[in-house]
Ligand SMILES: Cc1cc2nc3c(=O)[nH]c(=O)nc-3n(C[C@H](O)[C@H](O)[C@H](O)COP(=O)(O)OP(=O)(O)OC[C@H]3O[C@@H](n4cnc5c(N)ncnc54)[C@H](O)[C@@H]3O)c2cc1C
């Protein structure tokens, strides 16, 4: 993963980078992070209806995502254009900033009748990497309380192959799809949407 | 992992630079007031500055002076014109700012004494400041179109400041018979929200297409090109028959005589350079300049806009006064809400640092403007900006436009509309929440 490579560089660089930022060049982590709030919400907590929240995001996943957008290796309507504006060092600073923000899951409408099925499917197939009911992720994405359209579009992009899915996750997605079809995926989305604060 | 390293590093070194970035992020512990900041204008720039200053350093006393009890966002006001949303959905109050400990005063600023550092209001109040931030938005050059002034604008609205005029224009569109002509006269550069008039044309065309399909929108423009030109014209072709015999949108360029000369209010006729155009609904958006107070306080130059230091946004005319948003010269950033919001955060950080005896931090800025052509077809322009050598610079390789139809899918265009609405919810929460 790209994360490892950047982090190794960053570990060496951190000392220098901070010393240097007083002189000029690199903006502070909060300066960089604040400029994203117009689209992602204050501190990265989204109001919806569609743009994902990025507060509390895993630093590792954040760096991966930004580098993928930067290299056009992940589809997006606008993030590819935004990510190209930042150096690896700036991305690392923002990873620190956003991972330290408290995540507030979005309150939104959901179909209560399928939440139990979604909960069950999640436990069986997704909990391993999207922990605590999808509220926490060591090195993958937070799913609980993310905007429904964003979750749906992400799953669609994975299934259509326009976004690369981690191999082990693909196995689990296929498992859900085989057992419950599109209804199963839909139930998962409703389950995550039901976890608003 | 890296966070640990950084935190440890900060703990160990405790240098001025490290300490200031840490405290700025975490919020300073309150102590004796470090200074008084007075903000003129509670719009996008002013309200954002107030909030972010209080978040960074609660020991600073922040006062916002704004004449209106409510703020109506210009962004998404074009959706009010098409009936896609209600005027109430673009109305915000100052409860959020008060919650952040900002002193909000409902009054109109009539003068700023830069020497004595005092702001004066129409209500007869005086406010002493250590630093003043001015974000008054735009004013109109009423002398540029004959027969069009403040009073005429009550019946022939510009609707370029959202609120009552947005409602008037919407009502006129609703009252218009099918087969009518809506004439929009956009301003010359530079002006607030470069893609705005063309998004407006799109939104009105959407309404007409669904409710009054024999009508049309005629744009009579002094310019030969405009923001997102290729994307708009392709969108109009796709959805509104642009360029065909029964087009819902037509555009007269400056080269074809589109420059507005005068308005006859009674007959709703726009006299342009070559021809005159009779309208059923007429929307004239005059040329613009910085808000009046910027002139009265001596903050403008010959261009009619305010020159500023591009690291701190401190006025080049008067020290201790900062100008941001539409009123300031921020080239290459466009005059937009996202720009004003982003500049406000840089300004807040700079003022907090200066009041604390630190040097101003290195800026980083973003702009994005979404435009909605139909409820399922959205486009955007974006850019990331840095600062070097006394200038704001586009970060090479970043930003740019939504791809054209050949290089994207309608699915992505539809997502952009939902992301535009998310942007609206998030930025308004960031400013007024
Ligand atoms: C139709 C339209 C669509 C738009 N769409 C978008 C969009 O999609 N995206 C985007 O980013 N931008 C958009 N904009 C632009 C955006 O609205 C402005 O760029 C933004 O509001 C600028 O912020 P500001 O703080 O400079 O001014 P404003 O937000 O206008 O705030 C100025 C405030 O100052 C107050 N004021 C003025 N004079 C005084 C005084 N003397 N004393 C006290 N208070 C005073 C005013 O009452 C006002 O509240 C759009 C604009 C229009 C017209």
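Residue numbers (the numbering used here), protein chains in the order written: chain A, 6 to 202; chain B, 229 to 661. Glycine residues also receive a C-beta, built at the ideal position from the N, C-alpha and C atoms.
At a threshold of 8 Å, residue 595 of chain B counts as near ligand 1, since its beta carbon sits closer than that to one of the ligand's heavy atoms.
Residue 533 of chain B and residue 586 of chain B have their C-alpha atoms spaced approximately 29 Å apart. Residue 303 of chain B has its CB nearer than 8 Å to a heavy atom of ligand 1.
Excluding the 5 residues flanking it on each side, residue 123 of chain A has same chain C-beta neighbours closer than 7 Å at 192, 193, 195, 196, in chain order. The beta carbon of residue 78 of chain A does not come within 9 Å of any beta carbon belonging to chain B, so the residue lies off that interface. Its chain contains no residue whose beta carbon lies nearer than 7 Å to that of residue 169 of chain A once the 5 sequence neighbours on both sides are disregarded. Interface annotation, residue 54 of chain A: in contact with chain B, CB-CB separation under 9 Å. In this structure, the beta-carbon distance from residue 400 of chain B to residue 307 of chain B does not fall below 9 Å. Taking the beta carbon of residue 579 of chain B as reference, no residue of chain A falls within 9 Å; the closest one sits roughly 14 Å away.
Residue state for residue 65 of chain A is assigned as helix, using DSSP reduced to three classes. Residue 448 of chain B is a Cβ neighbour of residue 488 of chain B, given a cutoff of 9 Å. Three or more Cβ pairs closer than 8 Å define a contact, and the region 426-445 of chain B falls short of that threshold against the region 534-545 of chain B. Residue 655 of chain B has a beta carbon lying within less than 9 Å of a beta carbon in chain A. Close to residue 37 of chain A, with beta-carbon spacing below 7 Å, are these residues of chain B in chain order: 592. Assignment of residue 134 of chain A by DSSP, reduced to helix, strand and coil, places it in the coil class. For residue 89 of chain A, the closest Cβ of chain B is nearer than 9 Å. Rounded to whole angstroms, the gap between the alpha carbons of residue 450 of chain B and residue 323 of chain B is 41 Å. Under the DSSP assignment, residue 590 of chain B falls outside any alpha helix (DSSP H); it carries neither an H nor an E label. Within chain A, 32, 33, 36 have C-beta atoms less than 8 Å from the C-beta of residue 589 of chain B, given in sequence order. Between residue 592 of chain B and residue 37 of chain A, the gap from beta carbon to beta carbon is short of 9 Å. Residue burial annotation: residue 374 of chain B is exposed, with fewer than 16 other C-beta atoms found within 10 angstroms of its C-beta. Distance check between residue 142 of chain A and each of A:157, A:30, A:55, A:67 places A:67 closest, using alpha-carbon atoms only. Judged by beta-carbon spacing, residue 422 of chain B lies beyond the 9 Å limit of residue 539 of chain B, meaning their Cβ atoms are not closer than that value. The Cβ neighbour count for residue 199 of chain A, taken over all protein chains shown within 10 Å, is at least 16; the residue is labelled buried.
Across the set B:312, B:303, B:270, B:362, the C-alpha of B:270 shows the shortest separation from the C-alpha of residue 321 of chain B. Restricted to the region 505-588 of chain B, the beta strand (DSSP E) segments that are unbroken, complete and at least 3 residues in length are 509-512, 516-518, 549-551, listed in chain order. Rounded to the nearest angstrom, the gap between the Cα atoms of residue 628 of chain B and residue 74 of chain A is 14 Å. Minimum Cα-Cα distance from residue 158 of chain A among the listed residues B:641, B:475, B:353, B:657 corresponds to B:641. About 26 Å separates the beta carbons of residue 281 of chain B and residue 610 of chain B, which is beyond the 8 Å limit, so they are not a contact pair. With a beta-carbon spacing of about 17 Å, residue 510 of chain B and residue 476 of chain B fall beyond the 8 Å limit used to define contacts. With a cutoff of 8 Å, residue 376 of chain B does not count as near ligand 1, since its C-beta is closer than that to no heavy atom of the ligand.
Counting C-beta pairs with one atom in each stretch, the region 58-67 of chain A and the region 33-50 of chain A have three or more that are closer than 8 Å, which means they touch. Annotation: residue 167 of chain A is outside any alpha helix (DSSP H) and is labelled neither H nor E by DSSP. Contacts between residue 301 of chain B and chain A, judged by CB atoms closer than 7 Å, are missing: the closest CB pair is about 13 Å apart.
For the pair of segments examined, the region 452-472 of chain B was found to touch the region 601-609 of chain B: the number of CB pairs separated by less than 8 Å reaches three.
Of the candidates A:131, A:139, A:146, A:139 places its Cα closest to the Cα of residue 201 of chain A.
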